[in-house]
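Peer 1: First, the structure itself, so that you have it in front of you.
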Amino acid sequence: EERFRTIFESAPIGMVITGAERQIVDSNQAFQDLVGYTQAELATMTFADITHPDDMIKSQEISRNLRAGGQRHYTIEKRYLHKSGRVVWAVTSTFALYDSHGAYKNAVILITDISERIQAEAALRQSEER
Numbered sequence: 007e008e009r010f011r012t013i014f015e016s017a018p019i020g021m022v023i024t025g026a027e028r029q030i031v032d033s034n035q036a037f038q039d040l041v042g043y044t045q046a047e048l049a050t051m052t053f054a055d056i057t058h059p060d061d062m063i064k065s066q067e068i069s070r071n072l073r074a075g076g077q078r079h080y081t082i083e084k085r086y087l088h089k090s091g092r093v094v095w096a097v098t099s100t101f102a103l104y105d106s107h108g109a110y111k112n113a114v115i116l117i118t119d120i121s122e123r124i125q126a127e128a129a130l131r132q133s134e135e136r
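7 is the number of the first residue of the sequence shown in this note's numbering; add one for each residue after it.
Here it is, written out as structure tokens:
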């Protein structure tokens, strides 16, 4: 437990543990920095609160599949909404945890900020169009 807590807290990428209804149970400092909220604020939120509206349907569909056991893990690129209102692009890898009866318990989510890469790709496309 102590080893996991140390890894969780010092990881350079965002890490989140969600409950059965996508509520944010715990998050590390890297994730808090990524979205601009404290853990106390995040504890009152779900992923729907910080997911970009254009990514909501896809995120909810994947979440339903995880909870139903049809999909145990996934990795996607998606957008989060920072507390300041800016959009943060990230690669999000999620894996579900189930109890001994196969019922969904929670998920562990790893989030890597790729905003700089997305911006560089957009700038390259714009320069190629000129």
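The beta carbon of each residue, even a glycine, is placed where N, CA and C say it ideally should be.
Given the structure is predicted, the values throughout are model-derived calculations rather than measurements.
1) If you count every other CB in all the chains shown that lies within 10 Å of the CB of residue 113, and 16 or more means buried, which is it?
2) Out of 97, 81, 43 and 105, point me to the one whose CA is closest to residue 124's CA.
3) Determine the DSSP secondary structure at residue 123, reduced to helix, strand or coil.
4) Output needed for residue 17: all residues of its chain with C-beta closer than 7 Å, excluding positions within five of it in sequence on either side, in chain order.
5) Beta-carbon within less than 8 Å of residue 21's beta-carbon, same chain only, minus the 5 sequence neighbours each way: which residues are those?
6) Flag this pair as touching only if the region 105 to 112 and the region 77 to 93 have three or more C-beta atom pairs under 8 Å; answer yes or no.
7) Along the chain, where does the beta strand (DSSP E) that runs through residue 1 open and close?
8) What do you reckon, are the CB atoms on residue 3 and residue 94 nearer than 8 Å?
9) Would you report the Cα separation of residue 31 and residue 45, rounded to the nearest angstrom?
10) Can you tell me whether residue 130 is buried or exposed? The criterion is at least 16 other CB atoms within 10 Å of its CB, across all chains shown.
11) So the alpha helix (DSSP H) residue 7 belongs to, where does it begin and stop?
12) With distances taken Cα to Cα, identify the nearest neighbour of residue 100 among 11, 88 and 25.
13) Taking residue 53 as the reference, which of 120, 76, 27 and 72 has the closest Cα?
Peer 2: Considering the structure as presented:
1) buried
2) 97
3) helix
4) 34 and 36
5) 14, 33, 34, 36, 37, 114, 115, 116 and 117
6) no
7) Nothing can be reported for residue 1, as the shown portion of the chain is limited to 7 through 136.
8) Limits of the chain in this structure are 7 at one end and 136 at the other, which puts residue 3 out of reach.
9) 9 Å
10) exposed
11) That residue, residue 7, is in no alpha helix (DSSP H); it is neither H nor E in DSSP.
12) 25
13) 27
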